[in-house]
Amino acid sequence: MNNYILITGSAGFIGHHLTVKLIKLGFQVVGLDSINDYYDVNLKLERLKLQGFTIGEISYNKIIQNDKGAYFVQLDLADQENLDKLFKRFSISIVINLAAQAGVRYSLEAPESYIKSNIVGFTNLLECCRNYAIKHLLFASSSSVYGISESVPFKTTDRTDSPVSLYAATKKANEVIAYSYAHLYGIPCTGLRFFTVYGPLGRPDMAYFSFTKAILEAKPIRVFNQGNMLRDFTYIDDIVESIIRLMDIVPANIVTSARYKIYNIGNSKPVNLLDFITTLGNLLSIKPNMIYTEMQLGDVPVTFADTSDLNEVINFKPNTSLKDGLANFVRWYKDYYLSDENGC
Ligand code: NAD
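Heads up, the sequence shown is in our numbering, so the first residue is 274 and it goes up one at a time.
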């Protein structure tokens, strides 16, 4: 029997890039995504197309295959019955959970979708990991679990009990729920606290994406907290490389009985948003027009990863420069949204 890697959220930004890389490396991959409409569904379908799947074949709970032998299924993690059937059908050894309702601001508008995907869906997935004796679960957490912290850089040993948005609260909940499953059932769990991930085929709801759009359309950019925001922008390829290296680092916890470990995955070079927008403007050769406003509810002023734990175990840390990473993003953005081929 083949040992499959299940990637949830494979039509999402990070899931897409990871899926492409794992297929290229010759791993047996099963991708899963509900293809929700939180942002542009066409972008999700474009990613699946780039993974080699035929878009016309996609329908709910139908398993399809690409020409490299990888599988994809449109499925909601909240659908326990069909999720269980998927685990029954494939011999899955590693689960990488990237499916989630993402976004800080939207969690103030639609709290129920965070509970459905990030709590109910995540717990369903853990139940399958338990019932099918999965060898390693890696799951996306977020820098948002650190809340408004003045102690930088953020260490994985810092307190994370004061989330300032429901999104952050569900990410913290993922960590503690995973811990309990690791403790109770011995499922090895690795939590990945990502820091502001950016790159080609990125998420339209994220600031770097909307800044680019605004600059190109000569519209003003709303800069929150009067521009006093530091973000630890982390390039997508560095995230993917870190996840792949961590797949083989199965936690064996000596101190407690739980086989559980958390890592920060971030660039460790926070950038002021004003400098970020200037770099973007330079790359686009357009001077950005900025409007300064208050900090938004749920936001945090700083993110800054301490990645010493990560570097120690995988001998790698994210290191793509903002200039190089953003240049790749801008190239893709122009090609995808502004070329005649896409009719935009
Ligand atoms: P994304 O929104 O592009 O991808 C998530 C995918 O999950 C989407 O395609 C969505 O359709 C799918 N999904 C949502 N709910 C689902 C459900 N119930 N069942 C099945 N599929 C479902 O987001 P992303 O940027 O690729 O983020 C991946 C993970 O990393 C998420 O858990 C996110 O919270 C976390 N994260 C991302 C960042 C970042 O900067 N991108 C930072 C920190 C943490």
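Heads up, the beta-carbon is just placed ideally off N, CA and C, and yes, glycines get one too. Computed from a prediction, not measured in an experiment: that's the story for all the values here.
In its chain, beyond the 5 residues on either side, S307 have a beta carbon closer than 6 Å to the beta carbon of D349. Take K428, set aside five residues on each side of it, and the residues of its chain with a beta-carbon closer than 6 Å to its own are D579, in chain order. From the listed residues K317, T576 and N334, the smallest Cα separation to V470 is found for T576.
Residue state for G329 is assigned as helix, using DSSP reduced to three classes. In this model, K341 and F300 are separated by some 10 Å (Cα to Cα). For the ligand NAD, no non-hydrogen atom lies closer than 7 Å to the CB of Q324. Runs of the alpha helix (DSSP H) lying entirely within the segment 463 to 492, each at least 4 residues long, are 480 to 489 in chain order. Using a cutoff of 7 Å, the CB of T593 does not count as near the ligand NAD, since none of the ligand's heavy atoms is closer than that.
Here G554 has I488, K560 and P561 as same chain residues with Cβ atoms under 7 Å from its own Cβ, once five neighbours each way along the sequence are excluded. The alpha-carbon of K596 is positioned some 14 Å away from that of T485. Excluding residues up to 5 positions away in sequence, I450 lie with their Cβ nearer than 7 Å to the Cβ of T396 in the same chain. In the DSSP assignment, F497 forms no beta bridge with any residue. Only residues of its own chain outside the window of five on either side were considered, and among them D511 and N540 have a CB closer than 8 Å to the CB of N592, listed in chain order. For T552, the uninterrupted alpha helix (DSSP H) segment begins and ends at L546 to L557. Non-local C-beta neighbours of L318 in its own chain, meaning closer than 7 Å and more than five positions away in sequence, comprise I328, ordered along the chain. Partner residues in the beta bridge of M563, as assigned by DSSP, are I494. Per DSSP, L457 is one residue of the alpha helix (DSSP H) stretching across L439 to Y458. In this structure, the beta-carbon distance from Y533 to A455 falls below 8 Å.
Rounded to whole angstroms, the Cβ separation of Y277 and V302 is 7 Å, and the two are in contact under 8 Å. In this structure Q324 is buried. Its beta-carbon is surrounded by 16 or more other beta-carbon atoms within 10 angstroms.
No heavy atom of the ligand NAD is found nearer than 7 Å to the CB of Y508. The way I'd put it, the segment 497 to 513 does touch the segment 461 to 479; three or more beta-carbon pairs between them come closer than 8 Å. A straight line joining the alpha-carbon of E330 with that of Q338 spans about 9 Å. Checking the 7 Å criterion, the Cβ of R476 is within range of a heavy atom belonging to the ligand NAD. Straight across, the Cα-Cα distance linking N545 with P426 is about 15 Å.
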